[in-house]
Structure formats: structure tokens, C-alpha cells
Amino acid sequence: MFFGLHVSIGKGLARAVQTAEALTCECLQIFAGNPRGWARKPLDEKEVRRFQSAREASSIKKVAVHLSYLPNLASADAELYEKSVLAMGEDYRRAVSLGADYFVVHPGAGGDGNKEEALEKVAKGINTVLTEVRGETLILLENQAGGGTELAGDLRDLGLILGQVKEAARTGICLDTCHAYAAGYELRTAQGLAEVWQEVEEAVGLDRLYLLHLNDCLGEKGSHLDRHTHIGEGKIGLAGFKLIVNHPALIGRAGVMETPRSSDQDDLRNLEMIRSLVAGGQGQDGQ
Ligand SMILES: [Zn+2]
Ligand SMILES: [Zn+2]
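This note's numbering applies: residue 380 is where the sequence shown begins, and numbers increase by one.
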């Protein structure tokens, strides 16, 4: 695996690449705009060019764009649903114009409605966006912690959604370790992980798992609490991450951390920590 961070675009898109590079990231994730706002103007062409040349000048291998927080693609509210699909389309358009490799989307929460219908809505939304916006950027569906009526706490939901997507080759999945653990999956033992990979293989196919969100988890296993913490400081712990980053199924995959940050030191420490766990790397115990 190779590693990176979610970085801020507060000082511009190109600066985000430079920040990631300075922090020694090999991959990065950004939002395409204000994650708490609906409004999206088309990206300024000059800014797109600056982003692309910053990327070319860097050693960043993969770029992911994360859909903003507000859309809910499983919403039973027709107005919110439509707005959500539009917003996904606009963010996807931005991801494509930036030349991002991946566009990460949460399936959302169905509310009190029927779950099959909610899964179908997400698939329909993805189909609409793939039809309206052509591009190479893969849409990756992310597992969630499964709190309340959230979809994809159960990894099989990802398969149920993607099974209804027409252009399968333009989609895949992103696995968030904190969300999986909070949803009840055992990530701290070889046996538990083997079961997770088996489930991913059956639901979607491990070859379509392109990206990991490597976050330690503050909540207990099965708590459904989506609260990220620093690598090694949560319930998954160093032993769990050591098993994850060395798993043969994940060779060559990108791992992005969405860990808390109060300064660059937090980011550097998490990168150093995760790299120290890789066998044959610079682990404290030589592993
Ligand atoms: Zn995530
Ligand atoms: Zn999360």
C-alpha cells in the first residue's frame, strides 16, 4: 500500500497538492468545494491548470475527491434526493476536470422508508451522473458506520447498489476502517479480516476495492459511532492496522487517512505511524 491524507483546499486546489507533497503523502483526498455548502460554480480553468501542473510536479500517485457532506442519495424526500443527485453530478464534474482518479460517495441514509428502495435510489443516482458526466474518474461507493438508517454498514449493501449500476467499469468501492469496525466488523484479528475480504469479494470483488480510508475508531466494535481518531489511538489499534496494511489483498492500494488534525504534526505522526507498520519498512521492531 501507499499512504496519504485528506488535505484542505482552503488555500486553493494547487496548494492542497503542495501541502500533501510537503507532508510526504503519496496520495491525497480533497473536497471539490465547501463540504457544507450546496452551491458550486464551475471550476476556474486557471485553477484547474494550476492543480494539474502541481500534481505533475509532485510524486502524488492517486488523487481522490470526496463528495460533500450534504447530499443524501438514499433520501425518501423527493426534493432532497433530486438536489443530492445534482450535487453529486457537479462534484463529479469537478473531479473529472481535475483529472482525479477517484470520486468517493457515501450511500446515505434511507430514513424510515423501504431499504430496497433506498438502495435502488443510490444506484439510480449514480447511473444518472455517469450518463450525464463522461469521464475517467471512478466513482467509489464507501461503506458507512451503519448508524440509524444509514446504508452500507453491511458491506453487502455496496454490492446490492453496484449490481444495479450500468457502467460497472466506472465504479468501485472505498473501504473505511473506522466505519467497518463501528459497523461491527472485526479488523483486529487475521480471522476477522479474512472474513471481511471474503465478504467484499462476494459482494463486489476485491479487484474493485481501490481505496482505503485508514482511520482508527473511537467507538466500540458495533457501536455505529463514526468518530475517527489517530492511528493506534483508537479501538482498532496498531495490531489491527498492522494486519490491514500488510494484507496481500491490498498490495498496491491507496490508503488515505481522515484523522483529526490540529497541526501538521498530527498528519506527520499518522503517516509515520502507518508506514512503520508495513513489513519490510522501518518498523520499530524490524517488521
Ligand atoms: Zn471515509
Ligand atoms: Zn467517517
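Think of the CB as a built atom: it goes at the ideal place given N, C-alpha and C, for glycine as much as any other residue. Because the structure is a prediction, the values reported are computed rather than measured.
- Residue ranges of uninterrupted beta strand (DSSP E) with 3 or more members, entirely inside the stretch 470 to 532 and ordered along the chain, are 481 to 484, 517 to 521.
- In the displayed model, residue 652 falls within a helix according to three-state DSSP.
- Set against 7 Å, the gap from the CB of residue 521 to the closest heavy atom of ligand 1 is smaller.
- Of all alpha-carbon atoms in 434, 520, 551, 469, the one lying nearest the alpha-carbon of residue 401 is that of 434.
- Taking the Cβ atoms as the reference, residue 528 lies roughly 5 Å from residue 490, within the contact range of under 8 Å.
- The residues 595, 638, 639, 645, 648, 649, 652, in chain order, have a CB closer than 8 Å to that of residue 609 in the same chain once the five nearest residues on each side in sequence are set aside.
- Listed in chain order, the alpha helix (DSSP H) elements of length 4 or more contained wholly in the stretch 526 to 594 are 535 to 541, 556 to 561, 569 to 582.
- A heavy atom of ligand 1 is found nearer than 7 Å to the CB of residue 555.
- Closest option to residue 539, judged by alpha-carbon separation, among 498, 579, 549, 522: 498.
- Cα atoms of residue 494 and residue 452: separation of roughly 13 Å, rounded to the nearest angstrom.
- Here residue 473 really is in contact with residue 411; their C-beta atoms are around 4 Å apart, less than 8 Å.
- Comparing alpha carbon positions, the residue from 620, 603, 604, 631 closest to residue 611 is 620.
- A distance below 8 Å separates the beta carbons of residue 442 and residue 407.
- Counting the other CB atoms within 10 Å of its CB gives residue 500 a total of 16 or more, which places it among the buried residues.
- Within 7 Å of the C-beta of residue 605 there is at least one heavy atom belonging to ligand 2.
- Fewer than three Cβ pairs drawn from the stretch 561 to 579 and the stretch 423 to 431 lie within less than 8 Å of each other, which leaves the two stretches out of contact.
- The continuous stretches of beta strand (DSSP E) do not include residue 616, which lies in the alpha helix (DSSP H) extending over residues 616 to 624.
- Within 7 Å of the C-beta of residue 445 there is not a single heavy atom belonging to ligand 2.
- Taken through DSSP and simplified to helix, strand or coil, residue 420 comes out as coil.
- Residue 560 and residue 599 have their C-alpha atoms spaced approximately 8 Å apart.
- Separation of the CB atoms of residue 522 and residue 541 is rounded to 12 Å, and the pair is thereby denied contact status at 8 Å.
- The beta carbon of residue 385 sits no closer than 7 Å to any heavy atom of ligand 2.
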